[in-house]
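S.K.: Sequential numbering from 77 applies to the sequence shown in this note's numbering.
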Amino acid sequence: MGYPQPAAAQGLVPCALGPELHPRNMAVVPTKKGAAAPEEVAVHKIRIKLSSREVTKLESVCSKLKKKALERGFPVAGPVRLPTKQMEITTRKGPSGEGTNTWDTYTMRIHSRIVELSAPVSEVKTLTAVDIEAGVLVDVKVILRKRRRHKRKAF
77 MGYPQPAAAQ GLVPCALGPE LHPRNMAVVP TKKGAAAPEE VAVHKIRIKL SSREVTKLES
137 VCSKLKKKAL ERGFPVAGPV RLPTKQMEIT TRKGPSGEGT NTWDTYTMRI HSRIVELSAP
197 VSEVKTLTAV DIEAGVLVDV KVILRKRRRH KRKAF
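1) Within 10 Å of its beta-carbon, does residue 122 have 16 or more other beta-carbons around it, so buried, or fewer, so exposed?
2) Does the Cβ of residue 124 have 16 or more other Cβ atoms within 10 Å, making it buried, or fewer, making it exposed?
3) In the DSSP assignment, find the unbroken alpha helix (DSSP H) run with residue 129 in it and report its ends.
4) Report yes or no: do the stretch 164-182 and the stretch 198-209 share at least 3 C-beta pairs separated by less than 8 Å?
5) As an exercise, report each continuous alpha helix (DSSP H) stretch of at least 4 residues that is fully enclosed by the stretch 161-227, in chain order.
6) Hey, residue 216 and residue 120: beta-carbon distance below 8 Å or not?
7) Short of 8 Å in beta carbon distance, which residues of its chain neighbour residue 142, apart from the five on each side in sequence? Order them along the chain.
This is how it looks when you write it as C-alpha coordinates:
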(Lines of atoms letter the chains of each structure in order from A and count residues from 1; the text may use other names and numbers.)
(Lines give C-alpha, C1' and ligand atoms only; values in the text may rest on other atoms or scores of the structure.)
Protein backbone atom coordinates (compact mmCIF):
# COMPACT_ATOMS: atom_id res chain seq x y z
CA MET A 1 0.00 0.00 0.00
CA GLY A 2 1.67 3.13 -1.25
CA TYR A 3 0.87 6.74 -0.90
CA PRO A 4 -1.44 8.28 -3.54
CA GLN A 5 0.56 9.90 -6.32
CA PRO A 6 -0.25 13.33 -7.74
CA ALA A 7 -2.16 13.47 -11.04
CA ALA A 8 0.87 14.56 -13.08
CA ALA A 9 2.87 11.55 -11.85
CA GLN A 10 0.06 9.20 -12.97
CA GLY A 11 0.12 10.65 -16.48
CA LEU A 12 -3.19 12.48 -16.04
CA VAL A 13 -3.97 16.07 -16.96
CA PRO A 14 -4.55 18.18 -13.82
CA CYS A 15 -8.03 19.67 -13.50
CA ALA A 16 -9.73 21.89 -10.89
CA LEU A 17 -12.54 19.34 -10.51
CA GLY A 18 -10.15 16.47 -10.05
CA PRO A 19 -7.84 14.75 -12.55
CA GLU A 20 -10.28 11.92 -13.28
CA LEU A 21 -12.95 14.40 -14.50
CA HIS A 22 -10.82 16.11 -17.14
CA PRO A 23 -12.16 15.32 -20.67
CA ARG A 24 -8.79 14.13 -21.93
CA ASN A 25 -8.47 11.64 -19.08
CA MET A 26 -11.95 10.18 -19.50
CA ALA A 27 -11.25 8.62 -22.88
CA VAL A 28 -7.91 7.14 -21.84
CA VAL A 29 -8.01 3.39 -21.58
CA PRO A 30 -4.95 1.86 -19.97
CA THR A 31 -3.22 -0.59 -22.30
CA LYS A 32 -0.24 -2.84 -21.84
CA LYS A 33 3.06 -1.64 -23.17
CA GLY A 34 3.71 -2.99 -26.65
CA ALA A 35 0.04 -3.79 -27.24
CA ALA A 36 -1.18 -2.52 -30.59
CA ALA A 37 -4.09 -0.11 -30.61
CA PRO A 38 -7.13 -1.32 -32.53
CA GLU A 39 -6.89 -0.23 -36.16
CA GLU A 40 -9.68 1.29 -38.16
CA VAL A 41 -11.25 -1.03 -40.70
CA ALA A 42 -10.71 0.20 -44.25
CA VAL A 43 -13.94 1.02 -46.04
CA HIS A 44 -13.93 0.19 -49.75
CA LYS A 45 -16.33 0.81 -52.59
CA ILE A 46 -18.27 -2.32 -53.55
CA ARG A 47 -19.93 -2.46 -56.96
CA ILE A 48 -22.57 -5.15 -57.49
CA LYS A 49 -23.79 -5.67 -61.05
CA LEU A 50 -26.99 -7.66 -61.51
CA SER A 51 -28.38 -8.85 -64.83
CA SER A 52 -31.41 -10.92 -65.79
CA ARG A 53 -33.94 -11.51 -68.56
CA GLU A 54 -36.83 -10.91 -66.14
CA VAL A 55 -37.23 -7.40 -64.73
CA THR A 56 -39.39 -8.35 -61.73
CA LYS A 57 -36.84 -10.83 -60.35
CA LEU A 58 -34.04 -8.34 -60.94
CA GLU A 59 -35.84 -5.51 -59.14
CA SER A 60 -36.70 -7.73 -56.16
CA VAL A 61 -33.05 -8.80 -55.69
CA CYS A 62 -31.93 -5.15 -55.98
CA SER A 63 -34.40 -4.03 -53.34
CA LYS A 64 -33.31 -6.86 -50.98
CA LEU A 65 -29.64 -5.89 -51.38
CA LYS A 66 -30.36 -2.22 -50.79
CA LYS A 67 -32.56 -2.93 -47.76
CA LYS A 68 -29.91 -5.16 -46.16
CA ALA A 69 -27.13 -2.59 -46.71
CA LEU A 70 -29.23 0.22 -45.23
CA GLU A 71 -30.10 -1.95 -42.21
CA ARG A 72 -26.38 -2.45 -41.57
CA GLY A 73 -25.80 1.31 -41.87
CA PHE A 74 -23.80 1.47 -45.11
CA PRO A 75 -24.37 4.21 -47.70
CA VAL A 76 -25.97 2.86 -50.90
CA ALA A 77 -26.15 4.34 -54.40
CA GLY A 78 -28.56 2.79 -56.84
CA PRO A 79 -29.91 0.66 -58.30
CA VAL A 80 -28.69 2.37 -61.47
CA ARG A 81 -30.57 1.10 -64.51
CA LEU A 82 -28.26 0.35 -67.41
CA PRO A 83 -29.44 0.24 -71.05
CA THR A 84 -31.27 -2.97 -71.98
CA LYS A 85 -29.40 -5.19 -74.41
CA GLN A 86 -31.59 -6.56 -77.19
CA MET A 87 -30.47 -9.54 -79.22
CA GLU A 88 -32.42 -10.69 -82.26
CA ILE A 89 -32.16 -13.80 -84.38
CA THR A 90 -34.07 -14.01 -87.65
CA THR A 91 -34.52 -17.53 -89.05
CA ARG A 92 -36.55 -19.39 -91.66
CA LYS A 93 -39.69 -21.10 -90.40
CA GLY A 94 -39.60 -24.04 -92.76
CA PRO A 95 -36.96 -26.73 -92.26
CA SER A 96 -36.66 -27.47 -95.97
CA GLY A 97 -35.72 -24.94 -98.60
CA GLU A 98 -39.03 -25.33 -100.43
CA GLY A 99 -42.21 -23.39 -100.03
CA THR A 100 -42.95 -19.78 -99.29
CA ASN A 101 -40.16 -17.84 -97.65
CA THR A 102 -41.52 -17.24 -94.14
CA TRP A 103 -39.30 -15.84 -91.45
CA ASP A 104 -39.46 -15.80 -87.67
CA THR A 105 -37.71 -13.32 -85.36
CA TYR A 106 -36.66 -14.24 -81.81
CA THR A 107 -35.74 -11.48 -79.37
CA MET A 108 -33.99 -11.71 -76.01
CA ARG A 109 -33.72 -8.69 -73.70
CA ILE A 110 -31.13 -8.53 -70.92
CA HIS A 111 -31.77 -5.97 -68.17
CA SER A 112 -28.90 -4.80 -65.94
CA ARG A 113 -28.63 -2.88 -62.68
CA ILE A 114 -25.68 -1.59 -60.66
CA VAL A 115 -25.75 -1.12 -56.88
CA GLU A 116 -22.78 0.65 -55.27
CA LEU A 117 -22.08 0.78 -51.57
CA SER A 118 -19.23 1.62 -49.22
CA ALA A 119 -18.42 -1.06 -46.66
CA PRO A 120 -15.49 -3.04 -45.25
CA VAL A 121 -14.43 -6.07 -47.27
CA SER A 122 -15.32 -8.32 -44.33
CA GLU A 123 -18.99 -7.29 -44.69
CA VAL A 124 -19.31 -8.31 -48.36
CA LYS A 125 -20.25 -11.88 -47.50
CA THR A 126 -23.01 -10.82 -45.10
CA LEU A 127 -24.38 -8.21 -47.50
CA THR A 128 -24.56 -10.59 -50.46
CA ALA A 129 -26.18 -13.37 -48.40
CA VAL A 130 -29.57 -12.48 -49.87
CA ASP A 131 -32.01 -14.87 -51.55
CA ILE A 132 -31.01 -14.47 -55.19
CA GLU A 133 -33.75 -15.67 -57.47
CA ALA A 134 -33.09 -18.09 -60.33
CA GLY A 135 -32.04 -16.38 -63.53
CA VAL A 136 -30.32 -13.40 -61.88
CA LEU A 137 -26.57 -13.14 -62.45
CA VAL A 138 -24.54 -11.31 -59.80
CA ASP A 139 -21.07 -9.83 -60.28
CA VAL A 140 -19.38 -8.34 -57.19
CA LYS A 141 -16.33 -6.09 -57.52
CA VAL A 142 -14.43 -4.57 -54.61
CA ILE A 143 -12.67 -1.36 -55.58
CA LEU A 144 -9.75 -0.85 -53.23
CA ARG A 145 -9.17 2.79 -52.43
CA LYS A 146 -5.53 3.71 -52.71
CA ARG A 147 -3.93 6.84 -51.42
CA ARG A 148 -3.13 9.09 -54.33
CA ARG A 149 0.26 10.67 -54.45
CA HIS A 150 0.91 13.68 -56.58
CA LYS A 151 3.83 13.43 -58.94
CA ARG A 152 6.24 16.30 -59.12
CA LYS A 153 6.49 17.98 -62.47
CA ALA A 154 9.93 18.24 -63.98
CA PHE A 155 10.81 21.74 -65.16
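Even glycine gets a Cβ: it sits at the ideal position worked out from N, Cα and C.
M.R.: In short:
1) Here the question's residue 122 lines up with position 46 in the sequence shown. Flag for residue 122 reads buried.
2) Locating residue 124 in the sequence shown gives position 48, where the first residue counts as 1. Residue 124 should be labelled buried.
3) Start at 1 with the first residue of the sequence shown, and residue 129 comes out as number 53. Premise fails: residue 129 is in no alpha helix (DSSP H) and is neither H nor E.
4) no
5) 200-203
6) Mapped onto the sequence shown, residue 216 falls at position 140. Mapped onto the sequence shown, residue 120 falls at position 44. Their beta carbons are not under 8 Å apart, which means residue 216 does not touch residue 120 by this criterion.
7) Here residue 142 refers to the residue found at position 66 when the sequence shown is read from its first residue. Taken in chain order, the residues that qualify are 152, 154, 155, 191.
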